[in-house]
DNA sequence: GCCGCTTATTGATCATGATCAAATGCCCGC
DNA sequence: GCGGGCATTTGATCATGATCAATAAGCGGC
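Protein chains in written order, with the numbering used here: chain A, 1 to 251; chain B, 1001 to 1251.
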């Protein structure tokens, strides 16, 4: 039994056996190509909570994919204020912001004990000519990142505190479901401090928004433990609160 | 004289003679490669103010580069509220958000009479194996887009109205300077309505922020005509207003 | 030039979220 | 179990920006 578990664990180490293979770099590749990818990817690097994977300013060595756990990317503004700009869940790529000038623009820290795969940039460039489907998949995943940036814009612009929190929770649950994790009851690795920073709100404001959502029966929340009781009303709160006619009738 | 002007105009039509060649797709390519790129790019499509280049939901045909003028990308939320998520100036690429599933996620409209080049997706894929430096440059430009998404997050999260407006103006001026346009006195093609939507503020709030910046002597503004009188104090207002110690001393 | 439309500005009031302050609860080491 | 430190919650007050309302300033059409 033990040896079987270890074998299973071994299988999951390789891209073709990984749970994330439908979402991550192997998607759209031929079996032979996946094997080739496997040779390049540095797998299963274990990162503990709050450990840095890299820091803004570091020369970029690789692009990264979350296998297990989650990460935050953030910037330190010139005035010393930090801003979280991204949360990364399993199957998502990050470190792509460094491709412009080979230098990381954000710092990345693990939000919990996590597991990350790295594809060295030198290898990526070397094989991209040989494996067009790989560079195509990298582009697809980068494009997804761009859209999630637009999601963030929408999240932050012209939304009340309650809407922001509700929308964040809906999306977080969706993303968890998408990568095969429990989506209605889970431990949010992200602290209130980090969440409020990400959402552009004060800690206290986020806390109060949680309270309201609890009182409405949408969720239960105890510290980082979250349970979504009524997803559909949570969605309503997230999206359909204000209908400014000015904007509603714009062509 | 007239014929000389026409000749010059002809030269600018081709990538190797284009003013934006250092910023845009030709950057980093060999002269031979630039000629090849030239054959693929559909050039100088003229777009009038408010004309759509494409709409969210359209099947993506190409990626686009601004040659002259400017564009806005925006989404229509399910509840009918629209949100501008990007402003595109000369030398910048857009339409990249469609690479994930070949379908545009945003609509794009010209903010003024503009000029755009298009690289068909089919061609991009076909030549990327043959021209690794081109796909590398596309990735570099996409990476820049990702970072500008992070800039937007920073712009919107936890900043006062005045800071948002000042920061927007600084960045807008920087981007204009970067692509060779007049940066201290110019016509902002973007309306107050669009600007306020982009910044997540009300129209009136943006108007008041302009007034304050005028009163401080940082700018003069008459409708869309803007003059930056004191860039350094504008930068100060944009970045160094609040120093929340909580965030300032975070590792 | 004049009229009507759209865009921008200014004013007054109100609601939301920031800020200041305190209390509570939880986790960890001893 | 106890105590200290940290994260979170709750409360009270205040400032900022949203909202409502009205005016002013271009701009195009005739």
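In this text, a Cβ means the ideal position worked out from N, Cα and C, and glycines have one as well. These numbers come from a predicted model, not from an experiment.
*asked:* Is the separation between the beta-carbon of residue 21 (chain A) and that of residue 34 (chain A) shorter than 9 Å?
replied: yes
*With distances taken between CB atoms, is the gap from residue 65 (chain A) to residue 93 (chain A) smaller than 9 Å?*
yes
*Quick one: which chain A residues come within Cβ less than 8 Å of residue 1239 (chain B)?*
77, 78 and 79
*asked:* Going by DSSP, what residue range makes up the beta strand (DSSP E) through residue 1229 (chain B)?
replied: Here residue 1229 (chain B) belongs to no beta strand (DSSP E), and DSSP marks it neither H nor E.
*Every unbroken beta strand (DSSP E) within the segment 1145–1214 of chain B, with a cutoff of 3 residues, ordered by chain*: 1185–1187
_Residues bridged to residue 1076 (chain B) (per DSSP)_ = B:1082
*Taking only beta-carbon atoms, is residue 178 (chain A) less than 9 Å away from chain B?*
no
_residue 1046 (chain B) and residue 1147 (chain B) - do their beta-carbons sit closer together than 9 Å?_
no
*asked:* Quick check on residue 233 (chain A) - is its C-beta less than 9 Å from some C-beta in chain B?
replied: no
*Is the segment 1055–1075 of chain B touching the segment 1103–1119 of chain B, taking contact as three or more C-beta pairs under 8 Å?*
yes
_Contact belief for residue 1153 (chain B) with residue 152 (chain A) at Cβ below 8 Å, rounded distance in angstroms_ = 5 Å
*Express the C-alpha separation of residue 99 (chain A) and residue 50 (chain A) in angstroms, rounding to a whole number.*
24 Å
*At least one CB of chain A closer than 9 Å to the CB of residue 1153 (chain B): is that the case?*
yes
*C-beta neighbour in chain A for residue 1015 (chain B), strict 9 Å*: no
*residue 220 (chain A) - DSSP class collapsed to helix/strand/coil*: strand
*Whose C-beta lies closer than 7 Å to the C-beta of residue 246 (chain A) among residues of the same chain, with five residues either side of it excluded?*
Low confidence applies here, because residue 246 (chain A) scores a pLDDT of 40, under 50, leaving its location unreliable and the question unanswered by this model.
*Just confirm the distance between the C-beta atoms of residue 1024 (chain B) and residue 1091 (chain B), as a whole number of angstroms; I'd bet it's less than 8 Å.*
5 Å
_residue 1251 (chain B) (DSSP reduced to helix, strand or coil)_ = Confidence is the limiting factor: at residue 1251 (chain B) the pLDDT is only 36, short of 50, which leaves the residue's position unreliable, though a coordinate-based value still follows. In the structure shown, residue 1251 (chain B) sits in coil (DSSP, three-state: anything other than H, G, I, E or B).
*Output the boundary residues of the alpha helix (DSSP H) element that contains residue 1116 (chain B).*
Not the alpha helix (DSSP H): residue 1116 (chain B) falls in the beta strand (DSSP E), residues 1114–1120.
*Hey, residue 106 (chain A) and residue 140 (chain A) are a contact pair by Cβ (cut 8 Å); roughly how many whole angstroms apart?*
Rounded, the Cβ-Cβ distance is 21 Å, inconsistent with contact.
*Start-to-end residues for the alpha helix (DSSP H) that takes in residue 270 (chain A)*: No statement about residue 270 (chain A) is possible, as the shown extent of chain A runs from 1 to 251 and does not include it.
*With a 10 Å radius around its C-beta and 16 neighbouring C-beta atoms as the bar for buried, classify residue 59 (chain A) as buried or exposed.*
exposed
_residue 1174 (chain B) vs residue 1166 (chain B) beta-carbon contact at 9 Å_ = no
*Using the beta-carbon count (16 or more within 10 Å), is residue 983 (chain B) buried or exposed?*
Only positions 1001 to 1251 of chain B appear in the structure, and residue 983 (chain B) is not among them; the question remains open.
*Mind checking who residue 103 (chain A) pairs with in its DSSP beta bridge?*
A:59
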